[in-house]
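Protein chains in written order, with our numbering: chain A, 714 to 1493; chain B, 419 to 486.
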């Protein structure tokens, strides 16, 4: 995996972008973090955040011009959260001096002069003192915070100012009042030469009369770099309302100037670049997306006593209105993404690190292999981050490096081998013809689930379409593709393509939306059409059963999410059949049934959650047009039927049909092939398929059958063990139960069966398996 | 402690008619191998892997080795 591409993908995930309040705040106060404390009733915790960002919390929480509230997303659902009032409540009800920052030890302690004891100057003084520098403040007036002491909207109690000023002493900052710098006072030269650096926070007036040896603009104000706060003198920095005034006075902008000028001064001391990595300094638009329509509108909490501000309880109530802002659009719709407790940016990093480590446990293997690859995350992502593509790349990389865990996809790949092997695969022209205008490709899972429907559909197509309709049974290779086995996938597709060429490149009609998707994505030259679109064109045969009376909810398979035409055809067919149907949400945002990406083999619990979530979305019976979707719903107890049940079905209640299970799936495929060979081509199949069941005959209780299904053990595996035991005599007798237990290792997996003779066959009492070999490992 | 653990069921090798007894057995997976004590036929060394072992410890070790 390429590091640069990984970084690009990580950057596409916006969950770690700050909420609008923080991005808009000139000093990026973590308002969302503060809200999270306060909503839990932890107001001192909220104060901890306030004190971490605000140099003078008592003062600023009362006079801040709070631009954060202008862009608060809550305004789209009610009113903006009263962030500033909550800040004030944190100070009023949660103040503790111990939360204020302490001075660190500077590696190289410097002496800095600050001129002007207003908000910007004293902010710079505090920040530099916290960095461990020695700071002396010069103020022309007789007192600090001269301007703020005159604050009248509403007045600021002097006691609050005194509370905040204690911090100056704690940090060892020296303040010299009644000290003018420049003409008539302390000379500019003594400032420039006597200190390692200086910050000027001089107020908005012209300084032309002060004889400062700095570049001034036409109005007599110092020329200041708005990013670094540098002046024409390399050691002297300036800011505050001298820079942005005098038309407005913004306390929080003054704090911003003092803070970032202090950062420049510290960078200068360290010999670091003044301008690097400051793109997000000051207010900026955030990339974070928050879906506010998910929230009911709520008005702001109003303090009972406006003058006193929020009580603690009122602050908690107001903080509870904060959503808080997150994106997590993908996590909200995907059980796989929710399962791991985080979001794609973190997952991408974990999977990439997992890909890079050589020694040690690859903890993210299962994560990368759990994704259903359905693409819903990308469809709902404001930035369309393709998480599924990334998980697939990770799998391909695992396979290439020989690091794919054998237990993940082994069963599904063997099932695919069954479908591409002689037991199922078939490619024939219509009997009596030597060419095919069209080729029916029903797909392996419809054949496994509803082989009668496949036979009926093929008969109908032969009857309705001119020019010969060939049949191809097999597998499109999707399981190999999903498992990251690109080589196997390519060769499966190539075999299909070779057969298709041999048959004269006929039009391909597929009844499986996964096959359809695979062909469209990987063989765009295949002339492929869905059976549903074709049925819409040629019409339907008369139904054998009346359609169900109640409305059906349409589950569109996830592979049709971008196939609006196919979805529309299915709706047209349902109309024609005369069944009332309804969508489940937006068909363009349909979700996976848990089979996609082989999720159900790698992480069955997450797959079950995925299907259960979908099953809950409507109380109506579901109708779908993917056999795996239908069978998965059935497996989880959701009544569901396949569109073909409505066209060719003869059952009274097809929505109650059980999931056939893995063993029957293979058997159904083999029987379908044998049946079609016999019924359509008049051939007697050699030994597989229909006729008497394969020997020995097994009697399996439903409980054991369910256990075998869960443990991915097929009836043919059980039969193999018993046949091996009974012919070789290699078996163990349990004297207490009278049962035999025997094992057999046909390939990678060793199967164990506990059984006893019954009639002309055997009763199976228990089955289990392991992948470890007894004795030496067979060389692969 | 009351209630001794029940003695293991008497398992007889179908071929040798011998009762299985504990013995050293090698298990191998993904290029790693280790010796464990399992019930086996003293004569032909046919091994019995109980269900709890296969679906418990063995599976854990298999997954741990797969993740390496």
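Built from N, CA and C at the ideal position, the CB exists for glycine as well.
Measure the CB-CB distance between residue 1205/A and residue 1133/A and report whether it falls below 7 Å.
For residue 1205/A and residue 1133/A, yes; Cβs fall inside 7 Å.
Which runs of the beta strand (DSSP E) spanning at least 3 residues fall entirely within the region 1402-1479 of chain A, listed in chain order?
For the region 1402-1479 of chain A, the continuous beta strand (DSSP E) assignments of 3+ residues that do not extend past its boundaries occur at 1411-1413, 1445-1447, 1453-1457 and 1463-1471, in sequence order.
Distance between residue 753/A and residue 1238/A (C-alpha atoms, nearest Å)
About 59 Å.
Have a look at 1146/A, 1165/A, 1147/A and 1148/A and flag the residue whose alpha-carbon is nearest the alpha-carbon of residue 1155/A.
Among 1146/A, 1165/A, 1147/A and 1148/A, the Cα nearest to that of residue 1155/A belongs to 1165/A.
Report the three-state DSSP secondary structure of residue 1341/A (helix, strand or coil).
When secondary structure is reduced to three states using DSSP, residue 1341/A falls in the helix class.
Please check if any C-beta of chain B sits within less than 7 Å of the C-beta of residue 1485/A.
It does: the Cβ of residue 1485/A has a partner Cβ on chain B nearer than 7 Å.
Are the region 767-786 of chain A and the region 885-899 of chain A in contact at 8 Å, needing three or more beta carbon pairs?
Output reads no: the region 885-899 of chain A does not touch the region 767-786 of chain A.
Please report the straight-line C-alpha distance between residue 1377/A and residue 1461/A, rounded to a whole angstrom.
If you take the alpha carbons of residue 1377/A and residue 1461/A, they lie about 22 Å apart.
Could you tell me the alpha carbon to alpha carbon distance between residue 1571/A and residue 761/A, rounded to whole angstroms?
Lying before the first or after the last residue shown, residue 1571/A is absent from chain A, which here runs from 714 to 1493.
My parser needs the beta strand (DSSP E) runs of 3 or more residues fully inside the region 1274-1323 of chain A; what are they?
Uninterrupted beta strand (DSSP E) stretches at least 3 residues long and entirely within the region 1274-1323 of chain A occur at 1294-1296, given in chain order.
Compare the C-beta of residue 1476/A with all C-beta atoms of chain B and state if any pair is closer than 7 Å.
It does not: the Cβ of residue 1476/A has no partner Cβ on chain B nearer than 7 Å.
Nearest-angstrom Cα separation, counted from residue 789/A out to residue 1010/A:
The C-alpha of residue 1010/A lies about 8 Å from the C-alpha of residue 789/A.
Measuring only the C-alpha atoms, how far is residue 1048/A from residue 1323/A?
If I take the Cα positions, the gap works out to 6 Å.
Residue closest to residue 1309/A, alpha-carbon to alpha-carbon, out of 1122/A, 1182/A and 1475/A:
It is 1122/A whose Cα lies nearest to the Cα of residue 1309/A.
Which value, in whole angstroms, describes the spacing of the CA atoms of residue 836/A and residue 738/A?
Rounded to the nearest whole angstrom, the C-alpha separation of residue 836/A and residue 738/A is 16 Å.
Buried or exposed for residue 452/B, going by 16 or more other Cβ atoms inside 10 Å?
So residue 452/B ends up on the exposed side.
Relative to the C-alpha of residue 1242/A, which residue among 1331/A, 1024/A and 1223/A is closest?
Check the Cα spacing between residue 1242/A and each of 1331/A, 1024/A and 1223/A: the tightest is with 1223/A.
Which partner residues does residue 1483/A have in the DSSP bridge list?
Looking at the DSSP output, residue 1483/A shares a beta bridge with 1463/A.
Quick one: is residue 485/B near chain A, going by C-beta distance under 7 Å?
It does; some Cβ of chain A falls within 7 Å.
Same chain, Cβ closer than 7 Å to residue 973/A, neighbours up to 5 away in sequence not counted
Same-chain partners within the cutoff: 942 and 994.
Residues in its own chain within less than 7 Å of residue 917/A by CB, not counting five upstream and five downstream?
Cβ within range, chain order: 954, 955, 958 and 959.
Let me make sure I understand the geometry here. Which of 1145/A, 875/A and 757/A has the alpha-carbon closest to that of residue 1395/A?
The shortest Cα separation from residue 1395/A among 1145/A, 875/A and 757/A belongs to 1145/A.
Any beta-carbon of chain A closer than 7 Å to the one on residue 458/B?
Cβ-Cβ to chain A under 7 Å: no for residue 458/B.
Counting contacts by CB-CB distance shorter than 7 Å, is residue 1488/A in contact with chain B?
With 7 Å as the cut-off, residue 1488/A counts as an interface residue toward chain B.
Test: residue 480/B CB closer than 7 Å to a CB of chain A
Yes, because at least one Cβ of chain A sits closer than 7 Å to the Cβ of residue 480/B.
Does the beta carbon of residue 419/B sit closer than 7 Å to a beta carbon anywhere in chain A?
Caution is warranted here: a pLDDT of 42 is assigned to residue 419/B, below 50, making its placement in the model unreliable, and no coordinate value can be reported.
Length of the line joining the Cα atoms of residue 419/B and residue 1453/A:
Because the pLDDT of residue 419/B is 42, which lies under 50, any placement of that residue in the model is unreliable, and the number read from its coordinates should be weighed accordingly. Residue 419/B and residue 1453/A: Cα-Cα distance of roughly 34 Å.
Just the Cα atoms here: how many angstroms apart are residue 751/A and residue 1030/A?
Rounded to the nearest angstrom, the two C-alpha atoms are 9 Å apart.
Residue range of the unbroken beta strand (DSSP E) whose run includes residue 676/A
Summary: the structure shown does not reach residue 676/A, with chain A confined to residues 714 through 1493, and so no result is reported for it.
Within 7 Å, strictly: CB atoms of residue 1314/A and residue 1124/A:
Yes, they are a contact pair.
Just mark residue 1194/A as buried or exposed, buried being the case when its beta carbon has 16 or more other beta carbons within 10 Å.
Residue 1194/A counts as buried, since at least 16 other C-beta atoms from the protein chains shown sit within 10 angstroms of its C-beta.
Specify whether the region 814-831 of chain A and the region 843-850 of chain A touch according to this definition: at least 3 beta carbon pairs, one from each stretch, less than 8 Å apart.
The answer is yes - the region 843-850 of chain A touches the region 814-831 of chain A, with three or more Cβ pairs under 8 Å.
According to DSSP, is residue 1115/A part of a helix, a strand, or is it coil?
For residue 1115/A, the three-state secondary structure derived from DSSP is coil.
Which stretch, first to last residue, makes up the alpha helix (DSSP H) that contains residue 1053/A?
DSSP places residue 1053/A outside any alpha helix (DSSP H), giving it a letter other than H or E.
Using C-beta distances below 7 Å, list every residue in its chain close to residue 1481/A, excluding the 5 sequence neighbours before and after it, in chain order.
The beta carbon of residue 1481/A sits closer than 7 Å to those of 1424 and 1465, all from its chain and outside the five residues before and after it, given in chain order.
Of the residues 1430/A, 765/A, 876/A and 1289/A, which one's Cα is nearest the Cα of residue 815/A?
For the residues 1430/A, 765/A, 876/A and 1289/A, the minimum Cα distance to residue 815/A belongs to 765/A.
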